[in-house]
Amino acid sequence: MLSDVGGPGQQRLKAGRVAIVGLGGVGAPAALYLAAAGIGGLTLIDDDAVSLSNLQRQVLFSADDLGRPKVQVGQARLHGLNPHVDVQTQPLRLTTANAEALLSDHDAVIDGTDDFETRLAVNAACVALKAPLVSGALGRWDGQVGVFHGRPCYRCLVPDIPPDAETCARVGVIGALAGVIGAMTALEAIKIVVGAGRPLAGRLLLYDGLAGATRTVTVPADPACPTCAGVAQASPG
Ligand SMILES: [Zn+2]
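Written as structure tokens, this is what we have:
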């Protein structure tokens, strides 16, 4: 019924497959909304088990799931929500060595991980595979969402791993903020799969939860980027 989606868009969604790297604060709500929307397939990539401190933001899991593998719990929960989604599980850590094999044959990749080594590995694989990357990240009270498809890539934004990178587990995050950013990544993935609207390609949406303010900035391509230099520049989204 929705304009810009309609019957053909729903069919494209049903034929689409999205990989979610990291079933954390961003990936968990993203998976729920993609399954509920009727995505054809999801690939869940995470080597972690559910722990008590996850539950305030990782709404895919419940207290009964403590200690169980996240991908296994996630698969069962998503099937309960929508039995028509083909949910594949990869209970392992994504690395430079396995990234391309894990992420090939997907219409979009959502990265919600909170370590830069994994993020750069996901980015390099997406550039090599020409797959659109939807990147979501959380700070304490703020979050960001961007889409990278070809050039500029995520590494143009983060050329080197920041030495003092913070993680949710270390500094804390408000669970509702994870919901906002996770849902935004799901929305961008749905837009890409369906072909609706204007994805955040080459742009970064910054959400300041305390101020209740958003702004969107353009990400310039880094002429010296070792990952995407030589790749054709994406048309402004
Ligand atoms: Zn780049």
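The opening residue of the sequence shown carries number 12 in my numbering; numbering runs sequentially from there. Ideal Cβ positions, reconstructed from N, Cα and C, are used throughout, including at glycine.
Judged by the Cβ position, residue 210 fails to qualify as a neighbour of ligand 1 at the 7 Å threshold, every heavy atom of the ligand being at least this far.
One alpha carbon belongs to residue 238, the other to residue 124, and they sit about 19 Å apart. It is roughly 45 Å from the alpha-carbon of residue 235 to the alpha-carbon of residue 76. When DSSP assignments are scanned along the region 123-183, the uninterrupted stretches of beta strand (DSSP E) that are 3 or more residues long and fall wholly within it turn out to be 144-149 and 153-159. For residue 204 and residue 173, the gap between their C-alpha atoms comes out near 32 Å. For residue 217, the closest C-alpha among the options 93, 200 and 147 is that of 147. Note on residue 149: 16 or more other CB atoms within 10 angstroms of its CB, so buried under the neighbour-count rule. Contact fails between the region 214-231 and the region 106-126, because fewer than three Cβ pairs, one in each stretch, are under 8 Å apart. For residue 198, the uninterrupted alpha helix (DSSP H) segment begins and ends at 186-205.
Contact between residue 66 and residue 74 is confirmed by a C-beta separation of about 7 Å, below the 8 Å threshold. The C-alpha of residue 106 is placed about 24 Å away from the C-alpha of residue 97. Taken atom to atom, the span from the alpha-carbon of residue 165 to that of residue 134 is near 6 Å. Here residue 95 is exposed: its Cβ has fewer than 16 other Cβ atoms, across all protein chains shown, within 10 Å. Measuring C-alpha to C-alpha distances from residue 39 to each of 71, 170 and 26 identifies 71 as the nearest.
Fully contained in the region 88-121 are the following alpha helix (DSSP H) runs of length 4 or more, in chain order: 110-114. For residue 209, no alpha helix (DSSP H) run applies, since DSSP gives it neither H nor E.
Not one heavy atom of ligand 1 sits closer than 7 Å to the Cβ of residue 80. With a cutoff of 7 Å, residue 238 counts as near ligand 1, since its C-beta is closer than that to a heavy atom of the ligand. In the DSSP annotation of this structure, the continuous segment of the alpha helix (DSSP H) that includes residue 23 starts and ends at 17-26.
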